[in-house]
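Participant:
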Amino acid sequence: MVDDRFLDDKLNERRSQDAFRRLRLPEGKTDFCSNDYLGIATNGLLEEGEWSGAEDAARSGAPLAHGSTGSRLLAGNYPLIEETERALAVFHQAEAGLLFNSGYDANLGVLSCIPQRGDIILYDSLSHASLRDGIRLSFGTAFSFAHNDVADLEKRLAAAQEKGAQRQDKGAQRNIFVVTESVFSMDGDLAPLDEIVALCQRYSAQLILDEAHGTGVIGPAGEGLAQARGLQGECFARIHTFGKAVGCHGAIVLGSSRLRNYLINFSRSFIYTTALPPASVRAIARAYELFPQLHDQRRRLQQLINRFQQAAIGYARLQSSTPIQVVIVPGNAEVRALAERLQQAGLDIRPILYPTVPKGSERLRIVVHSFNTTDEIDRLTALMQKKPAQP
Ligand SMILES: Cc1ncc(COP(=O)(O)O)c(C=O)c1O
197 MVDDRFLDDK
207 LNERRSQDAF
217 RRLRLPEGKT
227 DFCSNDYLGI
237 ATNGLLEEGE
247 WSGAEDAARS
257 GAPLAHGSTG
267 SRLLAGNYPL
277 IEETERALAV
287 FHQAEAGLLF
297 NSGYDANLGV
307 LSCIPQRGDI
317 ILYDSLSHAS
327 LRDGIRLSFG
337 TAFSFAHNDV
347 ADLEKRLAAA
357 QEKGAQRQDK
367 GAQRNIFVVT
377 ESVFSMDGDL
387 APLDEIVALC
397 QRYSAQLILD
407 EAHGTGVIGP
417 AGEGLAQARG
427 LQGECFARIH
437 TFGKAVGCHG
447 AIVLGSSRLR
457 NYLINFSRSF
467 IYTTALPPAS
477 VRAIARAYEL
487 FPQLHDQRRR
497 LQQLINRFQQ
507 AAIGYARLQS
517 STPIQVVIVP
527 GNAEVRALAE
537 RLQQAGLDIR
547 PILYPTVPKG
557 SERLRIVVHS
567 FNTTDEIDRL
577 TALMQKKPAQ
587 P
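Note that this note's numbering has the sequence shown beginning at 197, numbered continuously upward.
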């Protein structure tokens, strides 16, 4: 009989902080929670209609199997996966791309293997856990800069450059990496990309940009923030994930062919795992044929976002032009109570608790979708007119 009661110490700590997490099954409520911004997964758009790549896939001998049978470096590589990488690289105007099994794997895989001892990583303080975990695994020395604060980034770049110059005096090679996201997952705001790129140029730093929440949503065809600003050529690596607006699962790292070769050789979350199966890759390829065309959905999404931003509510709200809308309700118990009230009204909205976000900035993370209705937005904002009565 296994005695695992030692796990209770940490679990009870979570309970005492009102931060115990549990899994919930969907209950058919109005979706203000999923990352399916354009409704590709919810509305089963990938199951509908003809796919022009299907014939190619059949021709290239790729049965749409649910197992890839091995790592990409062994039995798990197949024509459809490489064709899809090339097609996505063309769409995103990159020289090359490499698929990973998830955005988490991609971020972990890039950051853990590229920065070397003596290199410096400067990352936005609100960077996603997958970026931070990759940074923790790397040999580089990491410092965070204040969220979206280009003055702070510049200060740190200047210090990093000075340190690098000292190392170079001793003949050591050094690189500086700047890590940020196009849309921040817990705040919904955009990185000041033009300014960050200008700083990277000035200080010869390599920019790594996570486009997880920009993919499918930002830019006329959903290309992401870098392309929308014409800055794709200035990014050392861009990571686009498929689990959000793309309605699938997986991710691609875009950059040079040299970067692709490097990752194939050194990225452990690419090498030591079973490749994505053909069925998943086909879905990704199909989604990339579909989402660039979803202009009406992107327009509608923007209208609903504006409606939410303009409605009067009784709580502080972060400025955001993206589907991620944030209402600050300090305190785990308080934010849970408001989320519960909204849940009881049939709206699926989840609280984001400490320690996921800093104490005092606990929040509701409200995700707007192209398939939400104006009535749903109005019902939501009406329910947030007043703070609940204090007990
Ligand atoms: C900014 C950001 N990067 C990366 C990821 C990880 O992507 P995936 O869900 O594909 O693992 C997420 C999703 O949680 C995210 O929000």
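Even glycine gets a Cβ: it sits at the ideal position worked out from N, Cα and C.
Within the same chain, show all residues whose beta-carbon is closer than 6 Å to that of threonine 577, passing over the 5 residues directly before and after it, in chain order.
Facilitator: Ala507, Ile509
Participant: Under the rule that 16 or more other beta-carbon atoms within 10 Å means buried, what is phenylalanine 216, buried or exposed?
Facilitator: exposed
Participant: Please work out which residues of its chain come closer than 7 Å, Cβ to Cβ, to glutamate 358, disregarding the five sequence neighbours upstream and downstream, and give them in chain order.
Facilitator: Short of 7 Å from the beta carbon of glutamate 358, and not among the five residues preceding or following it, lies no beta carbon of its own chain.
Participant: For a quick check, are the C-beta atoms of aspartate 315 and isoleucine 277 less than 9 Å apart?
Facilitator: Contact: no.
Participant: Is the closest heavy atom of ligand 1 to the C-beta of glutamate 377 under 8 Å?
Facilitator: Between ligand 1 and the CB of glutamate 377, the shortest heavy atom gap is smaller than 8 Å.
Participant: Would you list, in sequence order, the uninterrupted beta strand (DSSP E) runs of no fewer than 3 residues that lie entirely inside the stretch 515 to 587?
Facilitator: Annotation note: the stretch 515 to 587 contains the following uninterrupted beta strand (DSSP E) runs of length 3 or greater, listed N- to C-terminal: 520 to 524, 546 to 548, 559 to 563.
Participant: For aspartate 200, count neighbouring Cβ atoms within 10 angstroms of its own Cβ and tell me buried if that reaches 16, exposed if not.
Facilitator: exposed
Participant: Are the CB atoms of glycine 240 and isoleucine 435 nearer to each other than 9 Å?
Facilitator: no
Participant: Can you name, in chain order, every residue of its own chain whose Cβ lies under 8 Å from the Cβ of phenylalanine 202, other than the five neighbours on each side?
Facilitator: Sequence-distant Cβ neighbours of phenylalanine 202 in its own chain, meaning closer than 8 Å and more than five residues away, do not exist here.
Participant: When you compare only the Cα positions, how much space is there between leucine 537 and lysine 206?
Facilitator: It is worth fixing the name first, because residue 537 is arginine in this sequence and not leucine. Their Cα atoms are separated by approximately 29 Å.
Participant: Determine the direct distance from the alpha carbon of serine 308 to that of alanine 292, and round the result to whole angstroms.
Facilitator: Their Cα atoms are separated by approximately 20 Å.
Participant: Taking contact to mean 3 or more Cβ pairs, one atom from each stretch, closer than 8 Å, check whether the stretch 347 to 357 and the stretch 419 to 429 are in contact.
Facilitator: no
Participant: To the nearest angstrom, how far is it from the Cα of alanine 422 to the Cα of methionine 197?
Facilitator: 55 Å
Participant: Considering Cα atoms alone, identify which of Ser476, Val553, Asn568 is closest to serine 381.
Facilitator: That would be Val553, whose Cα lies nearest to the Cα of serine 381.
Participant: For arginine 211, does the count of other Cβ atoms within 10 angstroms reach 16, so buried, or fall short, so exposed?
Facilitator: Arginine 211 should be labelled exposed.
Participant: Grouping DSSP H, G and I as helix and E and B as strand, with all else coil, what is histidine 588?
Facilitator: Since the displayed the chain opens at 197 and closes at 587, residue 588 lies outside it and no answer follows.
Participant: Take histidine 445 as the anchor and find which of Arg478, Ser452, Asn457 has the nearest alpha-carbon.
Facilitator: Arg478
Participant: Expressed to the nearest angstrom, what Euclidean distance is found between the alpha-carbon atoms of glutamine 489 and histidine 409?
Facilitator: 18 Å
Participant: In three-state DSSP terms, what is serine 340?
Facilitator: strand
Participant: How would you call leucine 270, buried or exposed, if buried means at least 16 neighbouring beta carbons within 10 angstroms?
Facilitator: exposed
Participant: Taking the C-alpha atoms as reference points, what is the distance between glutamate 485 and methionine 580?
Facilitator: 38 Å
Participant: For leucine 181, does the three-state DSSP call read helix, strand or coil?
Facilitator: Since the first residue of the chain shown is 197 and the last is 587, residue 181 is not available in this structure.
Participant: Report all residues from its chain with a CB closer than 6 Å to the CB of valine 311; omit the five preceding and five following residues, and keep chain order.
Facilitator: What sits at residue 311 in the sequence shown is proline, not valine. Cβ neighbours of proline 311 beyond the five flanking positions: Ile317, Ser334, Gly336, Phe373.
Participant: Based on the DSSP secondary-structure assignment, which residues constitute the bridge partners of glutamine 402?
Facilitator: Phe373
Participant: Taking contact to mean at least 3 C-beta pairs separated by less than 8 Å, is the stretch 225 to 245 in contact with the stretch 451 to 465?
Facilitator: In short, these stretches do not touch, since the Cβ pair count stays below three.
Participant: Using only CA atoms, which one of Ala283, Ala354, Asn568 lies nearest to glutamine 499?
Facilitator: Asn568
Participant: If I follow the unbroken beta strand (DSSP E) through glycine 293, where does it start and stop?
Facilitator: Unbroken beta strand (DSSP E) run through glycine 293: 292 to 296.
Participant: Return yes when the Cβ of glycine 263 is within less than 9 Å of the Cβ of threonine 469, no when it is not.
Facilitator: Result no, Cβ atoms of threonine 469 and glycine 263 do not sit closer than 9 Å.
Participant: Between Glu281, Gln402, Leu234, which lies nearest to valine 449 when the distance is taken from Cα to Cα?
Facilitator: Glu281
Participant: With arginine 370 and glycine 360 assumed to form a contact (beta carbons below 8 Å), what rounded beta-carbon distance in angstroms separates them?
Facilitator: 4 Å
Participant: In this structure, does DSSP put threonine 226 in helix, strand or coil?
Facilitator: Under the three-state reduction of DSSP, threonine 226 is assigned to strand.
Participant: Taking 8 Å as the limit between beta carbons, can you name the residues of its chain near valine 525, skipping five residues before and five after?
Facilitator: Tyr511, Val531, Leu534, Pro547, Glu558, Arg559, Leu560
Participant: Can valine 413 and arginine 494 be called in contact, C-beta distance under 9 Å?
Facilitator: yes
Participant: In this structure, how does DSSP classify alanine 237 when only helix, strand and coil are distinguished?
Facilitator: coil
Participant: Is aspartate 329 near ligand 1, in the sense that its beta carbon is under 8 Å from a heavy atom of that ligand?
Facilitator: no
Participant: Mind checking whether the beta-carbon of aspartate 406 lies closer than 8 Å to any heavy atom of ligand 1?
Facilitator: At least one heavy atom of ligand 1 lies closer than 8 Å to the C-beta of aspartate 406.
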